[in-house]
């Protein structure tokens with residue numbers, strides 16, 4: 001089992017000038033505590049819930065302050081970015097981190113961030129797929145060129161080139177079963193966000209990814225066979241009671257936000273219809289913290305022993321990476337959570353932590 005630490009820079013007071021420096025301290029501690037990778041979500045216009053709209057800039061600072069922990073974009077929204085720019089940024093960060101950068105991609109899950117970039121929900125999958133194709137060409141062909149629906153690129157050479165050959169590992173975040181299957185067919189690592197509907201549903205989605213892998217035609221230079229799952233919230237405290245007290249407000253706000261944004265996007269495009277179904281099935285459970293914390297497959301919250309027990313439930317359905325969303329307005333509590341995960345939880349899963 002591999003462990004990732006993800007933060008979106010949540011800030012109750014909107015003091016991002018303070019929160020960003022706190023985040024750097026948290027990443028440094030996460031490296032010391034044995035976390036395998038760190039990442040931020042690219043989100044736009046979400047106010048106090050997420051402030052990492054230009055995560056690639058932040059990763060440069062992380063690369064300078066760390067030596068071992070890998071840096072994974074969790075995620076880069078390909079439909080609102082030009083793939084050449086993403087490839088250039090990835091290569092630069094791979095150099096600055098001395099070969100520790102990983103490219104996590106996604107389509108987007110809110111109209112908030114699609115509309116200002118003039119991208120429609122109906123085209124996000126096609127843009128994501130074509131962008132992946134362009135990026136891989138840029139990494140592996142010199143010169144490269146492309147003629148597609150969204151991008152027409154004459155022969156050019158990518159400058160600079162990444163350290164990792166033929167390119168940094170590729171991942172995709174997915175909340176729909178079809179994208180799970182597509183991820184397998186493309187031979188890229190999975191970062192599942194299909195949770196909140198329970199472990200049985202999560203297992204079904206993972207199975208779709210594994211079925212896709214059986215017929216994989218890698219979009220990149222190799223297959224990255226990896227099953228990760230993002231959980232929000234993730235929090236470890238001295239007691240389970242304290243852990244719940246620290247996260248119940250965050251969990252309620254996050255699930256309520258997901259409910260509104262998912263339903264909105266589902267109405268905008270049939271391609272996101274599954275999000276409306278998820279929102280509908282979650283509607284009666286948003287305020288049921290016992291369900292969220294215990295049964296949803298969307299959270300890991302408790303004292304160290306309880307967190308180990310919960311993570312073993314993910315392990316049982318085939319999860320290889322726990323991507324822990326450790327975030328919130330209280331820096332000291334987050335630092336303690338990272339420390340407890342590192343000292344008492346991660347060591348219980350060390351025997352199977354090899355990278356794919």
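In the numbering used here, the protein residues as written are 1 to 356.
Virtual Cβ for every residue (Gly too), placed ideally from N, Cα, C.
If you're wondering where the values come from, they're calculated on a predicted model, not measured in any experiment.
Could you tell me the distance, in whole angstroms, from the CA atom of residue i to the CA atom of residue j?
i: residue 183; j: residue 175; result: 12 Å
i: residue 102; j: residue 71; result: 6 Å
i: residue 87; j: residue 34; result: 28 Å
i: residue 27; j: residue 62; result: 7 Å
i: residue 244; j: residue 292; result: 11 Å
i: residue 237; j: residue 134; result: 44 Å
i: residue 143; j: residue 159; result: 11 Å
i: residue 228; j: residue 221; result: 21 Å
i: residue 5; j: residue 276; result: 28 Å
i: residue 270; j: residue 57; result: 34 Å
i: residue 355; j: residue 2; result: Below a pLDDT of 50, predicted positions are generally treated as unreliable, and residue 355, at 49, falls in that range; the measurement from the model is reported next regardless. Taking the straight line from one Cα to the other gives about 8 Å.
i: residue 347; j: residue 308; result: 10 Å
i: residue 147; j: residue 210; result: 31 Å
i: residue 42; j: residue 166; result: 25 Å
i: residue 131; j: residue 106; result: 11 Å
i: residue 313; j: residue 252; result: 22 Å
i: residue 169; j: residue 321; result: 15 Å
i: residue 265; j: residue 109; result: 7 Å
i: residue 154; j: residue 91; result: 20 Å
i: residue 205; j: residue 345; result: 26 Å
i: residue 76; j: residue 19; result: 21 Å
i: residue 16; j: residue 23; result: 10 Å
i: residue 177; j: residue 298; result: 16 Å
i: residue 31; j: residue 69; result: 5 Å
i: residue 199; j: residue 296; result: 7 Å
i: residue 352; j: residue 152; result: Confidence in residue 352 is poor, its pLDDT being 49 and thus under 50, which makes the residue's placement unreliable; the coordinate value appears in the next sentence. When rounded, the distance between both Cα atoms is 43 Å.
i: residue 99; j: residue 93; result: 8 Å
i: residue 127; j: residue 78; result: 7 Å
i: residue 84; j: residue 349; result: 38 Å
Helix, strand or coil for residue i, going by three-state DSSP, please let me know.
i: residue 151; result: coil
i: residue 280; result: helix
i: residue 368; result: Residue 368 lies beyond the stretch modelled for the chain, which goes from 1 to 356, so this question has no answer here.
i: residue 396; result: In the structure displayed, the chain extends from 1 to 356; residue 396 sits before or after that span and is not available.
i: residue 51; result: coil
i: residue 9; result: coil
i: residue 291; result: helix
i: residue 102; result: strand
i: residue 163; result: coil
i: residue 330; result: coil
i: residue 235; result: strand
i: residue 219; result: coil
i: residue 33; result: coil
i: residue 224; result: coil
i: residue 15; result: coil
i: residue 264; result: helix
i: residue 269; result: coil
i: residue 352; result: Since pLDDT at residue 352 reaches only 49, below the 50 mark, its modelled position is unreliable, and the value read off the structure follows with that caveat. Looking at residue 352 - three-state DSSP - the assignment turns out to be helix.
i: residue 184; result: helix
i: residue 168; result: coil
i: residue 141; result: coil
i: residue 43; result: coil
i: residue 124; result: helix
i: residue 108; result: coil
i: residue 198; result: coil
i: residue 97; result: coil
Just list the residues that DSSP pairs residue i with in beta bridges.
i: residue 117; result: Note: residue 117 sits in no beta bridge, so no partner.
i: residue 174; result: 192
i: residue 230; result: 323
i: residue 2; result: 321
i: residue 38; result: 5 and 71
i: residue 146; result: 153
i: residue 300; result: 234
Rank the options by C-alpha distance to the C-alpha of residue i and give the top, closest one.
i: residue 234; options: 323, 85, 218 and 146; result: 323
i: residue 150; options: 73, 116, 249 and 81; result: 81
i: residue 203; options: 318, 345, 333 and 148; result: 318
i: residue 192; options: 217, 218, 167 and 232; result: 232
i: residue 74; options: 2, 55, 131 and 167; result: 55
i: residue 262; options: 282, 240, 348 and 166; result: 282
i: residue 49; options: 300, 250, 304 and 295; result: 250
i: residue 242; options: 223, 336 and 188; result: 336
i: residue 173; options: 163, 161, 188 and 162; result: 188
Does any CB atom of chain D fall closer than 7 Å to the CB of residue i?
i: residue 311; result: Protein chain content of the structure displayed is limited to a single chain, and chain D is not contained in it.
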